[in-house]
Amino acid sequence: MRADRLAIDGGTPVRRGFPPLGKGADLLGDEEIDAVVAVMRDRRLFRYHTNRTQARVAALEAAACDAFDCSYALATASGTSALRCAMAALGVGCGDEVIVPAFTFIATVGAVVNAGAVPVFAEVDDTLTLDIDDVARKIGPRTSAVVPVHLENVACAMDPLLALTRARGLAIVEDAAQAIGVTYHGRAVGTFGELGACSFQETKNITTGEGGMVFTDDADLYVRAARFHDQGGQFVTQYRGTRGPESGEAFVGDNLRMTELAGAIGCVQLARLPGLLAAMRANCDRIEAAIGRLEGLRTRRLPDRAGAGGSSLTWFAPDAALACRMVDALRAEGVPAARMYDGLPVYASPAIAGRLTASNKGCPWHCAEHPTDAGYPPGLCPDTEDLVGRSVTVGVGPAFSARDCHDVAEGVRKVVHHLLGA
Numbered sequence: 011m012r013a014d015r016l017a018i019d020g021g022t023p024v025r026r027g028f029p030p031l032g033k034g035a036d037l038l039g040d041e042e043i044d045a046v047v048a049v050m051r052d053r054r055l056f057r058y059h060t061n062r063t064q065a066r067v068a069a070l071e072a073a074a075c076d077a078f079d080c081s082y083a084l085a086t087a088s089g090t091s092a093l094r095c096a097m098a099a100l101g102v103g104c105g106d107e108v109i110v111p112a113f114t115f116i117a118t119v120g121a122v123v124n125a126g127a128v129p130v131f132a133e134v135d136d137t138l139t140l141d142i143d144d145v146a147r148k149i150g151p152r153t154s155a156v157v158p159v160h161l162e163n164v165a166c167a168m169d170p171l172l173a174l175t176r177a178r179g180l181a182i183v184e185d186a187a188q189a190i191g192v193t194y195h196g197r198a199v200g201t202f203g204e205l206g207a208c209s210f211q212e213t214k215n216i217t218t219g220e221g222g223m224v225f226t227d228d229a230d231l232y233v234r235a236a237r238f239h240d241q242g243g244q245f246v247t248q249y250r251g252t253r254g255p256e257s258g259e260a261f262v263g264d265n266l267r268m269t270e271l272a273g274a275i276g277c278v279q280l281a282r283l284p285g286l287l288a289a290m291r292a293n294c295d296r297i298e299a300a301i302g303r304l305e306g307l308r309t310r311r312l313p314d315r316a317g318a319g320g321s322s323l324t325w326f327a328p329d330a331a332l333a334c335r336m337v338d339a340l341r342a343e344g345v346p347a348a349r350m351y352d353g354l355p356v357y358a359s360p361a362i363a364g365r366l367t368a369s370n371k372g373c374p375w376h377c378a379e380h381p382t383d384a385g386y387p388p389g390l391c392p393d394t395e396d397l398v399g400r401s402v403t404v405g406v407g408p409a410f411s412a413r414d415c416h417d418v419a420e421g422v423r424k425v426v427h428h429l430l431g432a
């Protein structure tokens, strides 16, 4: 098979069409349907109008606390909402700087900007998560928090990061949007820092279509996050599933609440999470074993291999042009490959590069009281730009069959054989 011409050059592909790549969405079934129908029959779609019935959102929060061994969990309308609530809970705002990785989804940065703070970008290393040494270099007098991102089901190395931030008196908000259920040294990501956030968007490990959750062990931070997500508590705010009594100071908030429909789906999906992660890890191991050693490619390093989610395999090619060629060739063979975020740092986004907000007035970049010269030109984080430009990622799904795993491995070996001579 590997001696054949590449499909991109007119040869016969290893397979036609990609294997199923969905995570929790691929497992949606009768249980989720029944849970949604039950909510509809109750005619109680809003989480605080469930006095006659089981409160599904509250049940999801309680189940998450048990599953991830944390004291408080707050369900939200999206993963981005969860990050915004975390920033509000900490009081991050005008005049602050928050360190984020140069390679992440734009929502990580958006939560900082919408809080009124200036994002400061740190390099990522060959784990594609924060380079701790560069975080130390980027800490300044206005730094208030650091946001490690557990990217694509791989944990950031939290031990050295915690040692650094605790020594400097800085808070951590973990962005675990892409890593719910992933662990680092046996502990769930999202539960190391002052607060953590995850996502239930359709492409995530488990899904409610849209949705998210905030994790914390701090009662005061939980109440502040809860108040912010429920309009700031103008009347009474939610506390562990109910509204009231009034607790804490008043401030203007937002409406970032989860619906009972989403909560019902989430309860079912959360119960599926251990089996889903086990399936992805097994498929990932099966594909890696079948591929074997690939000369000329460097493999993404995993800070905790046993705790990784197993939803992809990533290699680094010798140069960006070859990485692009590999992705095109792999896809032609029926292998689901990509360069994550087109191989670009997040600050390459026009909105961030141009320092643009909806009003383009005031915080964070045009504030007279807290002026900043922060700019985001190409070359800002050169190690990240080089690394991600050379990255090639192959997706792995929980619903892959043994044949799917064989085909993916064969496709990778074929492409590497032709393009690198390995």
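Following our numbering, the numbering of the sequence shown begins with 11 at its first residue and continues without gaps. Backbone N, C-alpha and C fix where the C-beta goes; we use that ideal spot for every residue, glycine too.
- Around the beta carbon of T114, 16 or more other beta carbons sit within 10 angstroms, so the residue counts as buried.
- By the criterion of a C-beta distance shorter than 6 Å, D393 is surrounded in its chain by E133, once the five residues flanking it on both sides are discounted.
- With a beta-carbon spacing of about 6 Å, T86 and V224 fall inside the 8 Å limit used to define contacts.
- Non-local beta-carbon contacts of E379 in its own chain, meaning distances under 6 Å to residues more than five positions away in sequence, are absent.
- Counting the other Cβ atoms within 10 Å of the Cβ of M336 gives 16 or more, which makes it buried.
- The beta carbon of M350 sits closer than 6 Å to the beta carbons of T403 from its chain, once the five residues preceding and following it are set aside; these are given in chain order.
- Along the length of the stretch 383–407, whole beta strand (DSSP E) runs at least 3 residues long occupy 401–405, reported in chain order.
- From the listed residues Q64, L55 and Q279, the smallest Cα separation to I216 is found for Q279.
- The Cβ neighbour count for K371, taken over all protein chains shown within 10 Å, is under 16; the residue is labelled exposed.
- Pairing S209 with W375, the inter-Cα distance amounts to about 28 Å.
- For L271 and L283, the gap between their C-alpha atoms comes out near 19 Å.
- Counting other Cβ atoms within 10 Å of its Cβ, T309 stays below 16 and is therefore classed as exposed.
- Counting every other CB atom within 10 Å of its CB across the protein chains shown gives T137 a total of 16 or more, marking it as buried.
- Y58 carries a coil assignment under DSSP once its states are collapsed to helix, strand and coil.
- Looking at the DSSP output, M223 bridges to A85 and C208.
- Contact between T201 and C166 does not hold, since the beta-carbon distance rounds to 13 Å and is not under 8 Å.
- Between the C-alpha atoms of R57 and V183 there is a straight-line separation of about 26 Å.
- Of the candidates G206, H195, A77 and G405, G206 places its Cα closest to the Cα of A186.
- When rounded, the separation of the alpha-carbon atoms in G263 and E162 is 30 Å.
- Per DSSP, F410 lies in no alpha helix (DSSP H) segment and is marked neither H nor E.
- In this chain, the alpha helix (DSSP H) harbouring F78 covers R66 to F78.
- Counting other Cβ atoms within 10 Å of its Cβ, F261 stays below 16 and is therefore classed as exposed.
- Within its own chain, the residues whose Cβ lies closer than 6 Å to the Cβ of L70, once the five positions on either side in sequence are excluded, are A85, G273, G276 and C277, listed in chain order.
- In the displayed model, N265 falls within a strand according to three-state DSSP.
- According to the DSSP assignment, L323 belongs to the beta strand (DSSP E) that extends over S322 to F326.
- Between E395 and L307, the alpha-carbon positions lie close to 17 Å from each other.
- Counting only runs of 4 or more residues that sit fully inside the stretch 333–389, the alpha helix (DSSP H) segments are 360–363, in chain order.
- For I18, no pairing in a beta bridge is given by DSSP.
- In this structure, the beta-carbon distance from E220 to S88 falls below 7 Å.
- Looking at the DSSP output, E184 bridges to G206.
- Per DSSP, P284 is one residue of the alpha helix (DSSP H) stretching across E270 to I301.
- The continuous alpha helix (DSSP H) containing I116 extends over residues I116 to N124.
- R291 is positioned such that its CB atom lies closer than 7 Å to that of G320.
- If you draw a straight line from the Cα of T213 to the Cα of L38, it is about 12 Å long.
- Two segments are said to touch when three or more pairs of C-beta atoms, one from each, lie closer than 8 Å; by this definition the stretch 117–125 touches the stretch 89–104.
- Excluding its 5 nearest sequence neighbours in each direction, A330 has C-beta neighbours in its own chain below 7 Å: G353, G399 and R400, listed in chain order.
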